[in-house]
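**Q** Pasting a structure here, questions to come.
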């Protein structure tokens with residue numbers, strides 16, 4: 083009996099500290115409206131400014147509070163892009179509000195075109211050349227950031243405990259199609275824009291896409307608190323008429339919110355640089371609700387397929403990797419500066435040069451892009467920059483074939499499109515100069531980085 087007693091006491095001593103490491107997780111969700119006022123530039127000034135509002139734009143997300151770790155902020159914006167210094171400022175500001183560090187904040191856009199673009203680096207260059215405010219409404223951008231920060235400051239006061247994380251996936255029918263259709267010579271023959279009127283282009287095969295929408299959910303016992311969905315496609319049905327909208331992904335998100343009240347719905351766009359709804363959309367306005375309904379059906383099916391697993395802070399990992407993206411070599415800096423300085427040239431042409439120079443200056447000053455893998459149990463969520471081609475998302479999933487891998491692209495938007503190495507030899511819009519600001523070697527950099535983050 084004395085021996086048994088000593089063994090019992092010894093095991094109790096071992097067990098107590100092990101149990102104490104099973105720390106919990108709490109979350110807070112936030113949402114605020116960030117719709118720009120009338121007259122504000124949309125899509126970086128490339129389309130008609132704001133005339134009216136079809137849908138209010140939002141900034142929304144989740145704050146994860148794992149015991150023993152600093153908070154994590156995931157933020158999704160209904161904007162075209164958030165680039166360069168603006169991306170830095172958003173991460174720094176939200177980090178300060180959430181009492182964490184900028185490297186634990188992920189900010190992404192959904193890329194709707196009837197929405198603003200925030201790029202403080204380009205604005206600084208434009209302002210120095212008498213074109214301040216031509217890319218976006220600077221006062222509105224500051225207001226949007228302040229409102230988002232205030233929403234976080236309020237919600238972080240009331241965290242909810244999380245006991246389980248769920249994951250589900252489902253196919254989305256007749257929404258996504260690859261926008262780059264190759265001809266027999268291996269070059270791009272057709273480009274399927276978001277709205278494609280050419281019947282021959284629309285008749286081509288779907289091409290390379292990821293047909294699945296994935297849903298990661300947070301639960302307090304049997305009560306769902308939040309769900310984050312991930313799906314890869316350009317989110318436009320029709321645009322350019324000055325009517326602010328969150329377009330069909332936002333409508334699908336709203337449909338889910340309405341059906342499941344009390345659950346925060348957050349959506350991230352995947353690697354959809356070369357994916358649009360062009361095969362299924364000719365620009366007719368009736369297609370917007372149709373596409374939204376199909377995406378919402380997929381979201382709801384992914385929700386219905388959810389499998390839940392217990393989770394503690396021990397099961398959560400936030401892993402970052404800073405990378406330097408190779409700068410495109412065929413855009414001479416001196417030529418872009420000459421264009422920018424020539425007031426006789428078209429305003430759009432000068433603004434495009436400002437965009438180029440903002441990215442060139444950041445690269446030359448040593449700025450790097452932070453990539454992230456958020457691991458929740460066996461689920462990995464990669465946070466990536468720019469308009470990534472879908473091949474990156476599929477490659478990441480192939481690196482972990484036995485576990486779920488989600489991807490949120492459209493983080494820092496400064497570099498524009500990011501193609502694969504071979505795509506730069508195939509022609510087409512997406513890999514052209516002034517559209518993609520990275521060199522073909524970018525594929526090797528990002529592939530290696532994803533492998534490092536996932537393993």
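In the working numbering, the protein residues as written are 83 to 537. In this text, a Cβ means the ideal position worked out from N, Cα and C, and glycines have one as well.
(1) On a Cα-Cα basis, can you pick out the residue from 513, 528, 194, 495 that is closest to residue 455?
(2) Quick one: Cα of residue 291 to Cα of residue 329, how far?
(3) My output table needs one value for residue 518: the three-state DSSP class, helix, strand or coil.
(4) Once you ignore the five residues that flank residue 412 on each side, which residues in its own chain have a CB closer than 8 Å to its CB?
(5) Express the C-alpha separation of residue 512 and residue 255 in angstroms, rounding to a whole number.
(6) Under the three-state reduction of DSSP, which class applies to residue 394: helix, strand or coil?
(7) Quick one: grab the DSSP three-state call for residue 250.
(8) Does residue 526 pass the burial test, meaning 16 or more other C-beta atoms within 10 Å, or should it be called exposed?
(9) Excluding the 5 residues preceding and the 5 following residue 83 in the sequence, name in chain order all residues of the same chain whose CB lies nearer than 6 Å to its CB.
(10) How do the region 309-329 and the region 119-131 stand: do at least 3 beta-carbon pairs fall below 8 Å, yes or no?
(11) Do residue 489 and residue 475 have their C-beta atoms closer together than 8 Å?
(12) What is the rounded straight-line gap between the Cα of residue 295 and the Cα of residue 231?
(13) Does the beta-carbon of residue 368 have 16 or more other beta-carbons within 10 angstroms, so that it is buried, or is it exposed?
(14) For residue 377, count neighbouring Cβ atoms within 10 angstroms of its own Cβ and tell me buried if that reaches 16, exposed if not.
(15) Which of the three DSSP states, helix, strand or coil, is assigned to residue 441?
(16) Which residues in the same chain as residue 408 place their Cβ atom closer than 7 Å to its Cβ, once the five residues preceding and following it in sequence are excluded?
(17) So who's on the other strand from residue 259, going by DSSP bridges?
(18) Does the beta carbon of residue 269 come closer than 8 Å to any beta carbon on chain C?
(19) Do you know offhand how far residue 494's Cα is from residue 253's?
(20) Measure the C-alpha to C-alpha separation of residue 423 and residue 434 and round it to an integer number of angstroms.
(21) Should residue 185 and residue 402 be called a contact, given that it needs their Cβ atoms to be closer than 8 Å?
(22) Is it the case that the Cβ atoms of residue 393 and residue 246 are separated by a distance below 8 Å?
(23) What's the gap between the Cα of residue 269 and the Cα of residue 504?
(24) Could you pull the DSSP bridge partners for residue 402 from this structure?
(25) Determine which residues share a DSSP beta bridge with residue 200 and list them.
(26) Tell me the start and end of each unbroken beta strand (DSSP E) in the region 101-139 that is at least 3 residues and wholly inside, in chain order.
(27) Identify every residue that forms a DSSP beta bridge with residue 494.
(28) Answer with buried or exposed for residue 460, where buried requires no fewer than 16 other C-beta atoms within 10 angstroms of its C-beta.
(29) Going by DSSP, which residues form a beta bridge with residue 462?
(30) Can the beta-carbon of residue 361 be found less than 8 Å from the beta-carbon of residue 276?
(31) Give the list of continuous alpha helix (DSSP H) stretches no shorter than 4 residues that lie fully inside the region 294-342.
(32) Report all residues from its chain with a CB closer than 7 Å to the CB of residue 300; omit the five preceding and five following residues, and keep chain order.
(33) Where does residue 511 fall in DSSP's three states?
(34) Decide if the region 377-388 is in contact with the region 144-151; the criterion is three or more beta carbon pairs, one per stretch, under 8 Å apart.
(35) Looking only at its chain, what residues have a beta carbon closer than 8 Å to the beta carbon of residue 201, apart from the 5 residues adjacent to it on each side?
(36) What is the residue span of the beta strand (DSSP E) that residue 156 lies within?
**A** In terms of the structure at hand:
(1) Here the question's residue 455 lines up with position 373 in the chain shown. Comparing Cα-Cα distances from residue 455 to each of 513, 528, 194, 495, the minimum goes to 528.
(2) Looking up residue 291 in the chain shown gives position 209. Looking up residue 329 in the chain shown gives position 247. So the two alpha carbons sit approximately 20 Å from each other.
(3) Numbered from 1 along the chain shown, position 436 holds the residue referred to as residue 518. Looking at residue 518 - three-state DSSP - the assignment turns out to be strand.
(4) Within the chain shown, residue 412 is the residue found at index 330, counting from 1. The answer, listed in chain order, is 515.
(5) What you label residue 255 is simply residue 173 of the chain shown in a count that begins at 1. What you label residue 512 is simply residue 430 of the chain shown in a count that begins at 1. Computed Cα separation, rounded: 25 Å.
(6) Sequence index remark: in the chain shown, residue 394 carries index 312 (1-based). Note: residue 394 maps to coil in three-state DSSP.
(7) Here the question's residue 250 lines up with position 168 in the chain shown. Looking at residue 250 - three-state DSSP - the assignment turns out to be strand.
(8) Walking along the chain shown from the start, residue 526 turns up at place 444. Burial call: exposed.
(9) Counting from one through the chain shown, the residue named residue 83 turns up at place 1. Legend: pLDDT at residue 83 = 39, less than 50; position of this residue unreliable, no value from coordinates given.
(10) yes
(11) Within the chain shown, numbered from 1, the residue matching residue 489 stands at position 407. Within the chain shown, numbered from 1, the residue matching residue 475 stands at position 393. Their beta carbons are under 8 Å apart, which means residue 489 touches residue 475 by this criterion.
(12) One-based indexing of the chain shown puts residue 295 at position 213. One-based indexing of the chain shown puts residue 231 at position 149. Taking the straight line joining both Cα atoms gives about 29 Å.
(13) Translated into the one-based positions of the chain shown, residue 368 becomes position 286. When all chains shown are included, residue 368 counts as exposed.
(14) As a working note, residue 377 is residue 295 in the chain shown. It is buried - the Cβ of residue 377 has at least 16 other Cβ atoms within 10 Å.
(15) As a working mapping, residue 441 is identified with position 359 in the chain shown. Three-state DSSP puts residue 441 in a helix.
(16) For the purposes of this step, residue 408 is taken as the residue at position 326 of the chain shown. The answer, listed in chain order, is 520, 521, 523, 524, 527.
(17) Taking the first residue of the chain shown as position 1, residue 259 is located at position 177. Partner(s): 358.
(18) Absent from the structure: chain C. Only one protein chain is present.
(19) Sequence index remark: in the chain shown, residue 494 carries index 412 (1-based). Sequence index remark: in the chain shown, residue 253 carries index 171 (1-based). The alpha-carbon atoms of residue 494 and residue 253 are separated by roughly 28 Å.
(20) Counted from its first residue, the chain shown places residue 423 at position 341. Counted from its first residue, the chain shown places residue 434 at position 352. Roughly 12 Å between the two C-alpha positions.
(21) The residue you call residue 185 lines up with position 103 of the chain shown. The residue you call residue 402 lines up with position 320 of the chain shown. Cβ distance < 8 Å, so residue 185 and residue 402 count as in contact.
(22) For the purposes of this step, residue 393 is taken as the residue at position 311 of the chain shown. For the purposes of this step, residue 246 is taken as the residue at position 164 of the chain shown. Cβ distance < 8 Å, so residue 393 and residue 246 count as in contact.
(23) Counting from one through the chain shown, the residue named residue 269 turns up at place 187. Counting from one through the chain shown, the residue named residue 504 turns up at place 422. Looking at the two C-alpha atoms, the distance is approximately 10 Å.
(24) Counting from one through the chain shown, the residue named residue 402 turns up at place 320. In DSSP, residue 402 forms a bridge with 454.
(25) Taking the first residue of the chain shown as 1, we reach residue 200 at position 118. Paired residues: 164.
(26) 107-115
(27) Within the chain shown, the letter at position 412 stands for residue 494. Per DSSP, 164.
(28) By one-based count along the chain shown, residue 460 stands at place 378. Exposed: under 16 other Cβ atoms inside 10 Å.
(29) Here residue 462 corresponds to residue number 380 of the chain shown, with the count starting at 1. 457, 487, per the DSSP bridge assignment.
(30) Translated into the one-based positions of the chain shown, residue 361 becomes position 279. Translated into the one-based positions of the chain shown, residue 276 becomes position 194. No; because the gap between Cβ atoms is not below 8 Å, this pair is not in contact.
(31) 329-341
(32) One-based indexing of the chain shown puts residue 300 at position 218. The answer, listed in chain order, is 109, 244, 247, 307, 308.
(33) Locating residue 511 in the chain shown gives position 429, counting from the first residue. Three-state result, residue 511: coil.
(34) no
(35) The residue given as residue 201 occupies position 119 in the chain shown. Contacts found: 126, 163, 164, 165, 166, 167, 168, 217, 218, 437, 440, 495, 496.
(36) As a working note, residue 156 is residue 74 in the chain shown. Unbroken beta strand (DSSP E) run through residue 156: 154-159.
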